[in-house]
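Add 49 to the 1-based position in the sequence shown for the numbering used here, that's all there is to it. Reading through the structure tokens given below for one structure.
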Amino acid sequence: MPETLSIKGSRRLVNLFFAYLGVATLLSGLWVSRRSRNWVVSDWLINYEGGFVRRGLPGEVAFLLGRLVHVSPIAFVVAFYLLFFAVFLLAAWHLALRSSLNFWVLGMLVCPATLSLQILSPQAAFHKEIIYISLLAGLLALAQRISLRPLTVCIALCAFAVLGLLSHEALVCFAPYLIAALLLSGQDFRTVFTETALPAVLALGIVFICSRHLGSPEIVHNICASLGYGGPNLRPLDICSSGAIPYLIRDPSFARHDVLITLEQNGFFKLRVLPILTLLALIPAIQVSRLLRRAHMGQDVGVVWISAGISFLASLMLFVYAVDWGRWLYIHIISITLLLLYADGKTSLSSVSKETYLVRYRLSRVTVCVLVLYMTTWSLPNGADGKGVFGYAERFVDAVLSKRHHATTAQLSMPSQRTGLIQGRDLAPGRGD
């Protein structure tokens with residue numbers, strides 16, 4: 050066996066990895082539809098049946114389609130987020146195959162906080178931000194194949210302003226990454242300004258309108274009634290028992306207070322552990338940036354990280370009003386990863402620098418083992434308690450312990466069942482000595 054893996058061998062590994070991602074994402078999406086209805090599914094089901102309200106467009110579309118064909122809107126919600134994930138993964142696959150596939154690029158791909166988070170933390174990754182992520186990935190993959198026309202870009206961004214921001218107005222915080230994608234594609238600042246001026250005005254108008262329609266008890270009641278959950282007897286996992294739809298009646302002061310309480314109870318994880326995990330997730334991206342600078346692509350690297358800084362500053366309000374910090378960090382990390390994948394695959398690398406770039410960081414069997422450890426031993430959990438922080442390893446241990454617990458419970462219940470059978474036989478009529 051050769052001591053190092055060729056580019057062809059690396060491509061095989063990437064193809065297998067993305068095949069796994071496709072199957073696992075499908076299974077995770079179906080699991081979410083059954084086990085995380087309160088926050089994930091209900092977030093997609095917010096509709097306009099009680100009047101206009103923020104984040105209601107996907108739910109209204111699903112509701113109208115469901116009523117038209119007499120199918121539960123949940124089925125359309127599941128189809129929506131699985132479709133967006135399919136676009137995202139296909140675009141990311143295209144970007145990965147066009148990249149150098151060196152050690153650090155593969156590190157970005159297998160990082161638990163990028164392409165695998167929907168498997169390790171499905172409650173965090175299947176929210177509406179997949180609309181934005183699929184647009185960014187699709188835009189970058191398209192830019193590698195064809196020259197982006199300003200009118201086409203303007204129409205696409207206007208569509209995102211309507212669909213994306215009427216789905217979740219906070220997605221406007223991540224718009225700088227879309228501008229960075231246009232700049233990386235080779236367009237100058239004047240062209241980018243022309244393409245984004247109208248979508249920016251439209252986006253700001255939509256965000257303002259959404260800020261004036263936060264929700265009310267009457268709207269929440271009508272939404273739940275339209276979905277068939279208007280009664281008082283709700284089960285814990287029902288759509289309207291708790292979660293995204295009932296949360297529409299909460300005002301910003303309640304949200305800030307909720308964050309403060311979470312910090313009091315889980316401040317160590319939020320303020321100390323989570324930053325370390327974020328840095329761990331960004332190590333491959335930082336190393337890829339260093340390599341690109343050595344390959345005379347410092348301007349592209351600057352565009353990526355400046356857009357990341359602007360977007361992070363814009364998103365600070367999300368950390369003030371929402372407790373799911375891992376979710377917001379995930380959006381930043383995957384955005385940086387996609388932009389660097391595109392930059393890595395650009396043909397502007399000179400043949401000499403590209404050859405050095407590939408050979409120096411070609412994979413060996415040792416580095417493959419390092420990548421496997423990096424992929425399987427940690428994650429970026431969304432919850433405040435840090436559950437799931439050890440990634441696949443923790444899930445494997447939990448599965449083993451759960452199996453042993455069920456086996457032990459079954460063994461303990463067997464004697465009582467036998468006793469009951471014996472007593473039933475002895476006390477049965479006509480069964481004396």
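By construction, the Cβ of each residue, glycine as well, lies at the ideal position given by its N, Cα and C atoms.
Asked                                                                                                                : Found
Segments of 4+ residues assigned as alpha helix (DSSP H) that fall wholly inside the segment 314 to 344              : 323 to 343
C-alpha distance - residue 265 paired with residue 109, whole-angstrom precision                                     : 17 Å
8 Å contact criterion, which residue 363 and residue 304 should meet: CB distance rounded                            : Actually they do not touch by this definition, with Cβ atoms about 18 Å apart.
Residue interval of the alpha helix (DSSP H) (run including residue 358)                                             : 347 to 370
Meets three-Cβ-pair contact criterion under 8 Å: the segment 220 to 233 and the segment 370 to 390                   : yes
Neighbourhood of residue 349 by C-beta, 6 Å cutoff - its chain only, sequence neighbours within 5 removed            : 233 and 392
With 16 other Cβ atoms within 10 Å as the buried cut-off, status of residue 172                                      : buried
Distance between residue 200 and residue 416 (C-alpha atoms, nearest Å)                                              : 45 Å
Cβ of residue 204 within 7 Å of any chain C Cβ                                                                       : Checking the listed chains, one finds no chain C in this structure; it contains a single protein chain.
C-beta atoms of residue 497 and residue 359 nearer than 7 Å                                                          : The structure shown does not extend to residue 497, since the chain is modelled only from 50 through 482, so no value can be given for it.
Touching by the beta-carbon criterion (3+ pairs, under 8 Å), the segment 239 to 255 and the segment 291 to 300       : no
Range of the contiguous alpha helix (DSSP H) that encloses residue 430                                               : Looking at the DSSP string, residue 430 is not in any alpha helix (DSSP H), and its letter there is neither H nor E.
Residue 384 (DSSP reduced to helix, strand or coil)                                                                  : helix
Cβ shell of residue 98 (< 7 Å), same chain only, five flanking positions each side left out                          : 112, 271, 272 and 275
The segment 86 to 97 / the segment 152 to 161 touching (three or more Cβ pairs under 8 Å)                            : no
Environment of residue 175 [buried if 16+ CB atoms lie within 10 Å]                                                  : buried
Residue 357 versus 331, 188, 78 and 323, residue with shortest Cα-Cα distance                                        : 331
Residue 187 (DSSP reduced to helix, strand or coil)                                                                  : helix
Contacting residues, own chain, Cβ-Cβ under 7 Å from residue 425 (five flanking each side not counted)               : 440, 441 and 442
Sequence-distant residues of the same chain with beta carbon closer than 6 Å to residue 399, five excluded per side  : Because residue 399 carries a pLDDT of 45, less than 50, the predicted location of this residue cannot be relied on, and the following value inherits that uncertainty. Cβ neighbours of residue 399 beyond the five flanking positions: none.
Length of the line joining the Cα atoms of residue 322 and residue 375                                               : 11 Å
Among 60, 116 and 67, the one whose alpha carbon lies nearest that of residue 136                                    : 67
Residue of 317, 263 and 306 minimising C-alpha distance to residue 298                                               : 263
Own chain partners of residue 222 with C-beta closer than 7 Å, once the 5 adjacent residues on each side are dropped : 360, 363, 364 and 367
Residue span of the alpha helix (DSSP H) that contains residue 271, given as start and end                           : 266 to 275
Nearest-angstrom Cα separation, counted from residue 427 out to residue 446                                          : 13 Å
Beta bridge counterpart(s) of residue 98 as assigned by DSSP                                                         : 100
DSSP state of residue 59 mapped onto helix, strand, coil                                                             : helix
Every unbroken alpha helix (DSSP H) within the segment 71 to 137, with a cutoff of 4 residues, ordered by chain      : 91 to 94 and 106 to 118
Anticipated Cβ contact below 8 Å, residue 255 with residue 214, distance rounded                                     : 5 Å
Residue 77, buried or exposed, once every other Cβ within 10 Å from all chains shown has been counted against 16     : buried
Inter-residue spacing [alpha-carbon to alpha-carbon] between residue 259 and residue 184                             : 21 Å
For residue 413, three-class secondary structure by DSSP                                                             : strand
Residue 86 burial status per 10 Å Cβ neighbour count (16 or more: buried)                                            : buried
Contacting residues, own chain, Cβ-Cβ under 6 Å from residue 318 (five flanking each side not counted)               : 435
Separation of residue 142 from residue 59, as counted between CA atoms                                               : 13 Å
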